[in-house]
Amino acid sequence: MALLRDKLEELAPGFTKGSWVKNGMLFGRHSPWAVMSLPNHTESPEHFDLGFSTRLGESEAGLIIDCISGFGTGPAAFDTVLHIWSETSGACFLEMATGGTGRYATHLRDDDPAAIPGWHTISSGVLGYGPDDASNEVLQAAVLDSQILRALAAELTPDLDRPELNGVKVYLCRTPDSTIAEIRVNGEPAVLASEAMAAHPWPNVAVSAIARFYAVAVHPT
Numbered sequence: 149m150a151l152l153r154d155k156l157e158e159l160a161p162g163f164t165k166g167s168w169v170k171n172g173m174l175f176g177r178h179s180p181w182a183v184m185s186l187p188n189h190t191e192s193p194e195h196f197d198l199g200f201s202t203r204l205g206e207s208e209a210g211l212i213i214d215c216i217s218g219f220g221t222g223p224a225a226f227d228t229v230l231h232i233w234s235e236t237s238g239a240c241f242l243e244m245a246t247g248g249t250g251r252y253a254t255h256l257r258d259d260d261p262a263a264i265p266g267w268h269t270i271s272s273g274v275l276g277y278g279p280d281d282a283s284n285e286v287l288q289a290a291v292l293d294s295q296i297l298r299a300l301a302a303e304l305t306p307d308l309d310r311p312e313l314n315g316v317k318v319y320l321c322r323t324p325d326s327t328i329a330e331i332r333v334n335g336e337p338a339v340l341a342s343e344a345m346a347a348h349p350w351p352n353v354a355v356s357a358i359a360r361f362y363a364v365a366v367h368p369t
């Protein structure tokens, strides 16, 4: 958590002033926020589950959960996790924790083509990564152009099981001969949405490439 606090301070100078770490959780001093490490739901030591809340003490506001696999081992793996988190679910966290000005993530009205229909949505940018920059950029652009949250609305919205603050992880890995798509809502697999995403006509890539982003369905409109 100390490394995560350093990353947050790098992105938002002064934000973590007075914060403290206890039992795997980072707490804000003057605002009801926390970021925490959660039990790893896989057997991979390079996989990390992270949750956050910007409304501690409100029983109806559950944790917003993400899970990320790093590259390498040990500290190197967590370094990549921090980078991916800060660009995706971490960006949504900072946007929500700093007053929602649009500096860290984008606010989408329910009629925006990139939004979840019927919901005010906060979305990070789409991050592309992998060993080949050209393949990463192709897949990143395809995910951006797909407006996948709206395209999969029929499969996705039944899994938004909270009245507000539903966290949505969107992950796509393409290789020259395979597709892995994963959508999770509030930490749980959204099976139908994931299957529909995998069936989407994604572009070919030269080598393995990953694109992912994070969104929060804040409240119905």
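My numbering puts the sequence shown at residues 149 to 369. Note that CB positions come from ideal geometry on N, CA and C, so glycine has one too. This structure is a prediction, so every number in the text was calculated from the model and none was measured.
| said: Can you tell me where the beta strand (DSSP E) holding L204 begins and where it ends? | reply: The residue given as residue 204 occupies position 56 in the sequence shown. Per DSSP, L204 belongs to no beta strand (DSSP E) and is neither H nor E.
| query | Where does S283 fall in DSSP's three states? | reply | Walking along the sequence shown from the start, residue 283 turns up at place 135. Helix at S283.
| request: Note down, in chain order, each residue of its chain lying with its Cβ closer than 6 Å to the Cβ of F196, except the 5 sequence neighbours on either side. | output: Locating residue 196 in the sequence shown gives position 48, counting from the first residue. Same-chain partners within the cutoff: I216 and V229.
| said: Classify W168: buried if its beta carbon has 16 or more other beta carbons within 10 angstroms, exposed otherwise. | reply: Within the sequence shown, numbered from 1, the residue matching residue 168 stands at position 20. By the neighbour-count rule (16 or more Cβ atoms within 10 Å), W168 is not buried but exposed.
| task | Determine whether the Cβ of V169 lies closer than 8 Å to any Cβ atom of chain C. | result | Structure shown: chain C not included; a single protein chain is present.
| message | Looking only at its chain, what residues have a beta carbon closer than 6 Å to the beta carbon of Q288, apart from the 5 residues adjacent to it on each side? | response | Translated into the one-based positions of the sequence shown, residue 288 becomes position 140. Closer than 6 Å at Cβ, skipping near neighbours: V274, G276 and A359.
| task | Would you list the residues sitting across from N314 in a DSSP beta bridge? | result | Walking along the sequence shown from the start, residue 314 turns up at place 166. Looking at the DSSP assignment, N314 forms a beta bridge with A365.
| field | From V333, L211 and L297, residue whose alpha carbon lies closest to that of L308 | value | On the sequence shown, residue 308 is found 160 positions in, with the first residue counted as 1. Ranking V333, L211 and L297 by Cα distance to L308 puts V333 first.
| Validate contact between the stretch 179-192 and the stretch 288-300 using beta carbons, cut 8 Å, 3 pairs | no
| message | Taking the alpha carbon of P279 as the reference point, which residue from I328, R298, V366 and A354 has its own alpha carbon closest? | response | The residue you call residue 279 lines up with position 131 of the sequence shown. That would be A354, whose Cα lies nearest to the Cα of P279.
| request: Would you check if the distance between the CB atom of R152 and the CB atom of L174 is smaller than 8 Å? | output: The residue you call residue 152 lines up with position 4 of the sequence shown. The residue you call residue 174 lines up with position 26 of the sequence shown. According to the sequence shown, residue 152 is Leu rather than Arg. In contact: L152 and L174 (Cβ atoms closer than 8 Å).
| According to DSSP, what are the bridge partners of T269? | What you label residue 269 is simply residue 121 of the sequence shown in a count that begins at 1. Paired residue(s): L256 and A365.
| said: Going by DSSP, what residue range makes up the beta strand (DSSP E) through V332? | reply: Translated into the one-based positions of the sequence shown, residue 332 becomes position 184. A quick correction: the sequence has Arg, not Val, at residue 332. Segment S326 to V333, the beta strand (DSSP E) holding R332.
| Residues near L242 by beta carbon distance below 6 Å, same chain, minus five either side | By one-based count along the sequence shown, residue 242 stands at place 94. A160 and Y252.
| field | Whole-angstrom distance between F200 and G268, CA atom to CA atom | value | On the sequence shown, position 120 is the one that residue 268 refers to. On the sequence shown, position 52 is the one that residue 200 refers to. Before going on, a small fix: residue 268 reads as His here, not Gly. If you take the alpha carbons of H268 and F200, they lie about 19 Å apart.
| field | Supposed contact pair A209 and S271 - C-beta distance, whole angstroms, cut 8 Å | value | As a first step, residue 271 must be located in the sequence shown, where it is residue number 123. As a first step, residue 209 must be located in the sequence shown, where it is residue number 61. The Cβ separation is near 19 Å, so there is no contact.
| query | For K317, does the count of other Cβ atoms within 10 angstroms reach 16, so buried, or fall short, so exposed? | reply | To locate residue 317, count along the sequence shown from 1; it is residue 169. When all chains shown are included, K317 counts as buried.
| message | Spatial neighbours of L300 within its chain, please: C-beta separation below 7 Å, excluding the five flanking residues on both sides. | response | Here residue 300 is taken as the residue at index 152 of the sequence shown, counted from 1. Correct list, in chain order: A341, A344 and M345.
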